[in-house]
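Counting with the numbering used here, you get residues 40 to 331 for the letters of the sequence shown.
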Amino acid sequence: MLYGIHLILTYTCTRECDHCWFYCSSKTEGTFTINQIIELLNEARKIETEWIYFEGGEPFLYYTILLEGLKIARDMGFKTGIATNSYWATSIEEAKRWLKPLSMLNVSILGISEDPFHFDGNSSKNTPARIATFVAENLGLKVLTLSVNKPSIEEIMGHERRLVFKGRAVEKLTENLPRKFWKDLDRCPNRDLVNPKKLHVDSFGNIQICQGISIGNMWKTPLSNLVENYDVKLHPICYPLLKGGPALLAKRYNVHHDNEYVDECHFCTIIRKALLDDFSEYLAPRQVYGNR
Ligand code: SF4
Ligand code: SF4
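Encoded structure:
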C-alpha cells in the first residue's frame, strides 16, 4: 500500500523561495489537466493509495483544476490535503471566497507555509498565512502550519528543526555553513528507497521517489505497474544511495567532488547534477535541478 501521492498540480509559483526543493517560480511550467488527474487517480486506486496531496508550485494558481481534482479524489474515496503559500489571502473576505468551496469538499488537511522564507516573520503583521489560517479554522478546516527555519549554525548542529538541502537550497543557502567529510555522508536519511510510502508525481509523468529521482514515467507505463514492479536493486541511482548514501553514489560513477558538504542531501544533489546527462531517464525532470 502506498500511503500518499503528492500531486504536483503545477510547478508554477507566485514565489521563488531560496529553499524550494522543486526550483519553482513564475517561469516554471508543467500543470496537470483534469483528464490527467483522473488517469492518475484511477491508477492510484489500484495500488491502494490512502492520501492525495495537491501541491506545487502553488496549486491555488489553477483553482478550477484544484477544486475539480479534490472533488474527484473525494468521490473516489481518497483522503485529500493541500499545501499553499496562501498568496490569495489578502483579506478575511478574500480568504473566505477562496476557502469556502474547499470546506465543502472534505479536505482533511490544509497545509499553509508560514516561515521566514515566505514572510518577514513580523509577529505584529497579519500575513496572508495568518489570515488564511484564521479563516480556514473558522470554516472547520484542519490547518497544518508548514515551517522551516533559515539555516544557521545551531540548526546544522542539530539544536533546531532543520532545513534539508535539496533543490534551490543547495545553490542559495549552503554558503558559510558547517560541513561534514564526504565519506561520512554514507546513507540516505530521509527516504525509504526500498518500499516508498510517498511519491511525488508531476504532469510530465515523472514519478519521483525523492525530488528529481524518477522511478518511471506514468504516461509511458501505468503508475500501478511502475510501483508494483519497482525494485531498488535495478535502479542505478537509488541502489547506490541505499547501500552507501551519496558517498557511494559518487564513488560508483567516479564523480569528481569537494571534500565536505552540509548534509547528505546537499552532497546527493551535487552528485546527481553531475550525472544528469548519463541518467536522464532516472534524474527527472531537469527543472528540479535548476535547468530550465
Ligand atoms: S517553496 Fe513553496 S512557495 Fe516557495 S517557491 Fe517553492 S512551491 Fe513556491
Ligand atoms: S540523500 Fe538524496 S535521495 Fe536521500 S533524501 Fe537526500 S536528496 Fe533524497
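Virtual Cβ for every residue (Gly too), placed ideally from N, Cα, C.
Just so it is clear, the structure is predicted and the values come from calculations on it, not from any experiment.
Query, Result
"Check whether H58 and L212 have beta carbons under 9 Å apart", "yes"
"Selection from N177, E299, L262 and S130 that minimises the alpha carbon distance to L149", "N177"
"Straight-line gap, L96 to T103 (C-alpha atoms, nearest Å)", "Note that residue 96 is Gly in the sequence shown here, rather than Leu. Near 16 Å, if we compare the C-alpha coordinates of T103 and G96."
"S147: first and last residue of the uninterrupted alpha helix (DSSP H) it sits in", "Unbroken run through S147: none, as it is neither H nor E."
"At least three beta-carbon pairs within less than 8 Å, the region 216 to 231 to the region 269 to 286", "yes"
"Start-to-end residues for the beta strand (DSSP E) that takes in S253", "I252 to N256"
"S125 (DSSP reduced to helix, strand or coil)", "coil"
"Contacts around C227, its chain only, beta-carbon distance under 6 Å, and the 5 residues preceding and following it disregarded", "L280 and G284"
"Check: N238 C-beta below 8 Å from any heavy atom of ligand 2", "At residue 238 the sequence reads Leu, which differs from the Asn that was named. Not under cutoff, so the answer is no."
"H274 versus T172 - alpha carbon distance", "41 Å"
"Endpoints, the beta strand (DSSP E) within which H239 is located", "K237 to V240"
"Closest residue to F93 among R113, E78, A122 and E82 (Cα-Cα distance)", "A122"
"Touching by the beta-carbon criterion (3+ pairs, under 8 Å), the region 261 to 271 and the region 290 to 303", "no"
"Inter-residue CB distance, V233 and I44 (contact presumed, cutoff 8 Å)", "Going by Cβ atoms, the distance from V233 to I44 rounds to 18 Å, so no, they are not a contact pair."
"Proximity test, N268 beta-carbon vs ligand 1 heavy atom, cut-off 8 Å", "no"
"Buried versus exposed call for Y328 [16 or more other C-beta atoms within 10 Å across all chains shown]", "buried"
"Beta-carbon proximity of L185 to V146, cut-off 9 Å", "no"
"Alpha-carbon spacing of I170 relative to C249, whole angstroms", "32 Å"
"G116 - partner residues in DSSP beta bridges", "Paired residue(s): none; G116 is not in a bridge."
"Euclidean distance between Cα positions of Y321 and E68", "20 Å"
"Residues bridged to Q247 (per DSSP)", "H239 and S253"
"Assigned exposure category for K139 - 16 Cβ within 10 Å defines buried", "exposed"
"Which of helix, strand or coil DSSP assigns to H305", "helix"
"Heavy atom of ligand 2 within 8 Å of P235 beta-carbon", "no"
"Assigned exposure category for M143 - 16 Cβ within 10 Å defines buried", "exposed"
"Beta strand (DSSP E) segment containing Y92, residue limits", "W90 to E94"
"Neighbour-count burial assignment, E193, 16 or more Cβ in a 10 Å radius", "Interpretation of E193 is limited by its pLDDT of 48, a score under 50 that renders its predicted location unreliable; no figure is taken from the coordinates."
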